[in-house]
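Notes to accompany the following structure.
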Amino acid sequence: MIVYGVALLSACLILGMLLGEVLGVALGVEANVGGVGIAMLFLVLASNSDRFKALVDGASGTGIQFWSAMYIPIVVAMAARQNVVAAFEGGMLAVVAGVAAVVVSFALVPLIAKIGNSETPSEENQ
Amino acid sequence: MEILETVFVRNSLVVAFAVVGLTIWISYFLADKLTKGRIHGSAIAIALGLLAAYFGGKATGGSTGVADLTLLGGIGLMGGGMMRDFAIVATAFGVKLSELKKAGLAGVVSIFAGVVVSFVVGAAVAVLYGYTDPVAVTTIGAGAVTYIVGPVTGSALGADSDIIALSVAAGLIKSILVMIGTPLVAKTIGLNNPQSAMVFGGLMGTTSGVAAGLAATDPKLVPYGAMTATFYTGVGCLLGPSILFMIVNAIL
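Each protein sequence line maps, in turn, to chains D and X. The first sequence maps to residues 854 to 979 in our numbering. The second sequence maps to residues 291 to 542 in our numbering.
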């Protein structure tokens, strides 16, 4: 049943959001800390475990795959509802701060990605 | 006209599905014919979305782009936080646990490095523009983290509303630039595997920006980047009004 997969996906999201909210309260932060990330972990664990096989195999799995495939259309809708006008009405300071933050962060990607990789496989190659 | 409006408003989400579907069809057509596939169809669709949001915002004076137009209200629901998070989690289906473990350390490092680096850059720009009040500098720096961290930090520190608006604008610029810029720089920064995608998500942090940027680069990387990015705003809200403010306060 397709709805089993959708229900599993929903349960993962709600559980993750709850934990993220609790984490936020525990840290004294006015935000959900990693709720979506935790939910994703739950789904990864569920889809890799035998116990949840009935909820992720066959038709149930297509219920999750459908929403995964709807991701790009949803992101396009998300882009269309951004407050683009406010972004550009913030003036030069906002533009410079935003652009500079992105450029520096982009530049750091290859540097920090190296941290993980140098741990095991690359040493064997050398 | 009235009949049209009634039907569109009553079925707003369905209208959104149709409009977004049409936009994506046009975008993939353009990507194929005009750029011969060099630019990803979804990158064009996202750019069209942002462009439409600009004109929607200009036309209505609202804050949710095209969704403020009566006939396209459903875009607001379809592109809202609930649907976005639901679809993001769904992309994790089929992800291998081993891939996540491989980039675990780099992923965690990238979240903290990303928050601090964006903050420092934003705060430095604020100082360059003549701001000396620690609260203002911290709020603008926090805005460069994400457009959520900015106002959260600003209200915690009691910043003026125009400074908070400025921090939101900085965060929005960041988010939009990540959406558009990611496919352009992906090759240069080695964004082609799950590990670098996790680091990328942690460094950029803006969930919308990362979500759209990776979608336009390679949809297979989305779950990895999104996973770390969703921790970023929380960490930013944690560090902004506390330790980062104390450091700024000590320096200025």
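Think of the CB as a built atom: it goes at the ideal place given N, C-alpha and C, for glycine as much as any other residue. Since this is a predicted model, take the numbers as computed values, not measurements.
Going along chain D in order, which residues have a C-beta closer than 7 Å to the C-beta of Phe383/X? Walking along the second sequence from the start, residue 383/X turns up at place 93. The contacting residues are Leu896, Ser900, Ile917, Gln918, Ser921.
Please report the distance separating the alpha-carbon of Asn978/D from that of Ile968/D. Locating residue 978/D in the first sequence gives position 125, where the first residue counts as 1. Locating residue 968/D in the first sequence gives position 115, where the first residue counts as 1. Annotation note: pLDDT 40 at Asn978/D (below 50); position unreliable, no value reported.
Roughly how far, in whole angstroms, is the beta-carbon of Gly440/X from the beta-carbon of Ser457/X, given that I think they are within contact range, below 8 Å? Locating residue 440/X in the second sequence gives position 150, where the first residue counts as 1. Locating residue 457/X in the second sequence gives position 167, where the first residue counts as 1. Gly440/X to Ser457/X, Cβ: 3 Å. Contact.
By how many angstroms is the C-alpha of Val929/D removed from the C-alpha of Ala357/X? Translated into positions along the second sequence, residue 357/X becomes position 67. Translated into positions along the first sequence, residue 929/D becomes position 76. In a straight line, the C-alpha of Ala357/X is about 12 Å away from that of Val929/D.
Measuring only between beta-carbons, confirm whether Ser913/D sits less than 8 Å from chain X. Taking the first sequence and counting its residues from 1, one reaches residue 913/D at position 60. Not one chain X Cβ lies under 8 Å of Ser913/D.
Any beta carbon of chain D sitting closer than 8 Å to that of Ala502/X? The count along the second sequence starts at 1 and reaches residue 502/X at position 212. For Ala502/X, the answer is yes, since a Cβ of chain D falls inside 8 Å of its Cβ.
DSSP three-state assignment for Glu883/D, whether helix, strand or coil: Within the first sequence, numbered from 1, the residue matching residue 883/D stands at position 30. Residue state, collapsed to three classes: coil.
For the pair the stretch 882-902 of chain D and the stretch 514-521 of chain X, tell me if three or more CB-CB distances fall below 8 Å. yes
For Val385/X, which three-state DSSP category applies? Stepping through the second sequence from its first residue, residue 385/X is reached at position 95. Looking at Val385/X - three-state DSSP - the assignment turns out to be coil, as it is neither helix nor strand.
So, is the C-beta of Phe959/D closer than 8 Å to a C-beta in chain X? The residue you call residue 959/D lines up with position 106 of the first sequence. Judged by the 8 Å Cβ criterion, Phe959/D is in contact with chain X.
beta-carbon Val305/X near the ligand MN non-hydrogen atom, thresh 7 Å: This structure lacks the ligand MN; in fact it carries no ligand of any kind.
Is the Cβ of Glu977/D closer than 8 Å to any Cβ of chain X? If you number the first sequence from 1, residue 977/D lands on position 124. Because Glu977/D carries a pLDDT of 38, less than 50, the predicted location of this residue cannot be relied on, and no value is offered for it.
Contact with chain D by Asp375/X, beta-carbon distance below 8 Å: What you label residue 375/X is simply residue 85 of the second sequence in a count that begins at 1. Yes - at least one Cβ of chain D is within 8 Å of the one on Asp375/X.
Span of the alpha helix (DSSP H) around Ser317/X: Position 27 of the second sequence, counted from the start, is the residue given in the question as residue 317/X. Start and end: 302-323.
Val305/X versus Gly431/X, Gly366/X, Lys323/X, residue with shortest Cα-Cα distance: Your numbering for residue 305/X matches position 15 in the second sequence. The shortest C-alpha separation from Val305/X is found at Gly366/X.
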